[in-house]
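The structure appears right after this line, and notes come after that.
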Ligand SMILES: Cc1ncc(COP(=O)(O)O)c(C=O)c1O
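In our numbering, the protein residues as written are 1 to 420.
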């Protein structure tokens, strides 16, 4: 006999909440961060070019990635803006990106006076589909801004091949994917520039913060100068003879101290996330009608920002809405889709081309081709947004948490199958 569901008045599977990246329950913040922050404050050196923490953080994160340069900035959005600025594109140039991501990805493009063009997504991962990227290349395309969603890398071998074939730059948005790897290579090291976020919900955090990574000397120099008002601190020129408009995205030493302590913990944080998430994968694999997170064959390291699965409605004999309500009643922490559950081409500023005053710059002529975005052009993204069940994951999740989640999902799946 199937167990009575909580939604029908039966006992609830999870009697307590799960760890959250929003507070200490799901975070590894403690004495190490406090010690380094204290050192900064006692030194009186809060500015990155007076102290040592930000620079040390950049060095150690570069070592972690196995890359030449890391430039710390104030957020993931700032890292993306700085990266696109470092490409020095022209107004109206097109950048192909994902229709399911954070606004930070689009801000980087539009604040660089470029135009976002969207590729469709692989429906089971919500990662950019290489074939769709290639289909949307025009004579105005200059770059691909890849988004590694939920901590799983995009199919970078295929994407890099397309980029080389069409002579396009590649920027990787790794905001959700610290430590993820594809075919043994860390994300952020495939393209020209990789971008990361240290916002509260990410694998490592300083509340806010970010950085970009590159092996290219020219892009590094441009990023370093752009993020610091294009001031020249290298002694190449005298005084404040400023060659280009930049911005102030400098990371301060207090943030740098927290980021440094967090970066040192990243391998252990990843290990804990993987242990619990992979345990849940093995539990879901054993449930008929449940499809555990889809992994590309070449995904060598998922970094588990979100844990995402789908269901087979026919096998279970239930529609996804009813299933969502039933697992919710069991205390399972899953929501459908990501960030609003629809491709972001419908969000007003993108759909209506609103960025600069009452113009439609840079979308409208003479710069842009006035692209119109139709949500139906993204069937993979739509399907994924409507069908994927996703839960935040943290380093605070344990095997026991995975067991409870597995139990709740099994209970609901078994119940509906038994009612068929
Ligand atoms: C995929 C993606 N890109 C960009 C960002 C922007 O990062 P931040 O919030 O640090 O500006 C985020 C984080 O929110 C993100 O998840």
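The beta carbon of each residue, even a glycine, is placed where N, CA and C say it ideally should be.
This structure is a prediction, so every number in the text was calculated from the model and none was measured.
Within 8 Å, strictly: CB atoms of residue i and residue j
i           : j           : result
residue 304 : residue 274 : yes
residue 182 : residue 298 : yes
residue 135 : residue 115 : no
residue 322 : residue 389 : no
residue 141 : residue 168 : yes
residue 58  : residue 70  : yes
residue 324 : residue 262 : no
residue 211 : residue 190 : no
residue 164 : residue 137 : no
residue 67  : residue 214 : yes
residue 397 : residue 64  : no
residue 222 : residue 56  : no
residue 348 : residue 113 : no
Under the three-state DSSP convention, the category residue i falls into
i           : result
residue 226 : helix
residue 8   : helix
residue 295 : coil
residue 94  : strand
residue 82  : helix
residue 309 : strand
residue 498 : This structure cannot settle anything about residue 498, because the visible part of the chain is limited to 1 through 420.
residue 147 : strand
residue 231 : coil
residue 121 : strand
residue 195 : strand
residue 385 : helix
residue 301 : strand
Closest Cα partner of residue i within the set the options
i           : options            : result
residue 219 : 83, 6, 360         : 83
residue 175 : 228, 230, 105, 340 : 105
residue 287 : 306, 315, 278, 268 : 315
residue 151 : 101, 138, 107      : 101
residue 387 : 294, 139, 185      : 294
residue 156 : 188, 285, 326, 341 : 188
residue 27  : 279, 270, 324      : 270
residue 129 : 143, 138, 108, 154 : 154
residue 228 : 245, 31, 237, 236  : 245
Any non-hydrogen atom of ligand 3 within 7 Å of residue i CB
i           : result
residue 406 : You won't find ligand 3 in this model; what it holds is ligand 1.
Assumed close pair residue i, residue j - CB separation to whole angstroms, cut-off 8 Å
i           : j           : result
residue 85  : residue 230 : Residue 85 to residue 230, Cβ: 10 Å. No contact.
residue 133 : residue 371 : Residue 133 to residue 371, Cβ: 15 Å. No contact.
residue 48  : residue 251 : 6 Å
residue 253 : residue 51  : 4 Å
residue 339 : residue 110 : Actually they are not in contact, since the Cβ atoms of residue 339 and residue 110 sit about 18 Å apart, beyond 8 Å.
residue 391 : residue 306 : 7 Å
residue 326 : residue 99  : The Cβ separation is near 29 Å, so there is no contact.
residue 289 : residue 312 : 5 Å
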